[in-house]
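Residue numbers for the sequence shown, in mature numbering (1 follows the signal peptide of the UniProt record, and there is no 0): -22 to -1, 1 to 184.
Inspection log for the structure reproduced underneath, given as structure tokens.
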Amino acid sequence: MRPPFRLATAALLLGLAACATAPRQIDTRPADAALLAAQSAREAALAAQPDWSVVGRIAVSAGDDGGSGRIEWRQHGDDVAIRLAAPVTRRSWSLIREGGEVRLEGLDGGTRYGRDPQVLLYEATGWLIPFDALGAWVRGARAGADARIEFGPQGRPATLHEGGWTVDYREWDAATPARPLRVFAERDDARVRLAIERWDAATPTP
């Protein structure tokens, strides 16, 4: 049953003021051999760091329905623990994948179980979030081989097109390799906005 989760989440709306900006104006250029080689090298460096975590803010919308709040994402290889918190209502939800099993905790009706985090969250909330792909996109990497990338002036991805989604990178940190700080993804009327406040290269097992 979706309403308890959706209404409680909508009630917390933080607005993600840092993300609610006008469309950016940035010069982009299509990928050439040198840019793609540099991107492949960057993705190889990221793949060598399978344990990572981020803390920040997230806003999700699907048509007129949506919400925003705090997010903590901890990745350990294929295992992941994502905690969403609503400061206004003091509620939180956790999406956890361990050994191929997925559970969504914190719902009024009790914990839900499944094998696909995207399907499980969509059934509970109506939100379309491509978690596996997002785990790559949030690091500035492609999730698969069919992605198309446009690069910015510094040779970093500016826009990524993959699986029907368009991913915009609005800000990067100064790490090596650089990591995104603001990521906007959208597909049709589904939108996911991330404002990352802290990155860690490694994290304990979820």
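Don't be surprised by glycine CBs; every beta carbon is placed ideally from N, CA and C.
In this text, all values refer to a predicted model and were calculated from it rather than measured experimentally.
query: I need the boundaries of the alpha helix (DSSP H) containing VAL97, first residue and last residue.; result: 95 to 103
query: Using the Cβ count rule (16 or more neighbours within 10 Å means buried), how would you classify VAL97?; result: exposed
query: Pull up the distance between the alpha-carbon of ARG35 and that of GLU175, whole angstroms please.; result: 8 Å
query: Does ALA168 pass the burial test, meaning 16 or more other C-beta atoms within 10 Å, or should it be called exposed?; result: buried
query: ASP178 to ALA123, Cα distance in whole Å?; result: 26 Å
query: On a Cα-Cα basis, can you pick out the residue from ALA11, LEU14 and VAL80 that is closest to ASP57?; result: VAL80
query: Which partner residues does TRP115 have in the DSSP bridge list?; result: DSSP output for TRP115 lists no bridge partner at all.
query: Roughly how many angstroms separate the alpha carbons of VAL161 and PRO65, rounded to a whole number?; result: 22 Å
query: So which of ASP94, SER72, TYR100 and GLY78 has the shortest CA-CA distance to GLY88?; result: SER72
query: If you count every other CB in all the chains shown that lies within 10 Å of the CB of ALA26, and 16 or more means buried, which is it?; result: exposed
query: May I ask which residues mark the beginning and end of the alpha helix (DSSP H) holding ARG20?; result: 11 to 25
query: For ASP110, does the three-state DSSP call read helix, strand or coil?; result: helix
query: Exposed or buried, TYR147, counting other C-beta atoms within 10 Å across all chains shown (16 or more means buried)?; result: buried
query: Under three-state DSSP, which class holds GLN53?; result: strand
query: Would you tell me roughly how many angstroms separate the C-alpha atoms of ALA12 and GLU101, rounded to the nearest one?; result: 42 Å
query: Buried or exposed, going by whether 16 or more other CB atoms sit within 10 Å of the CB of PRO1?; result: With a pLDDT of 48 at PRO1, under the threshold of 50, the modelled position of this residue cannot be trusted, and the question is left open.
query: Can you tell me whether DSSP reads ASP86 as helix, strand or coil?; result: coil
query: Return the residue from the list ASP86, PHE109, THR103 and ARG69 that minimises the CA-CA distance to ARG93.; result: PHE109
query: Is it buried or exposed for SER46, if we count other Cβ within 10 angstroms and need 16 for buried?; result: buried
query: Take the Cβ of GLN17 as the centre, count every other Cβ of all protein chains shown within 10 Å, and call the residue buried at 16 or more, exposed below.; result: buried
query: Please list, in chain order, all residues of the same chain as ALA119 whose beta carbon is under 6 Å from its beta carbon, the five residues on each side excluded.; result: GLU21 and LEU24
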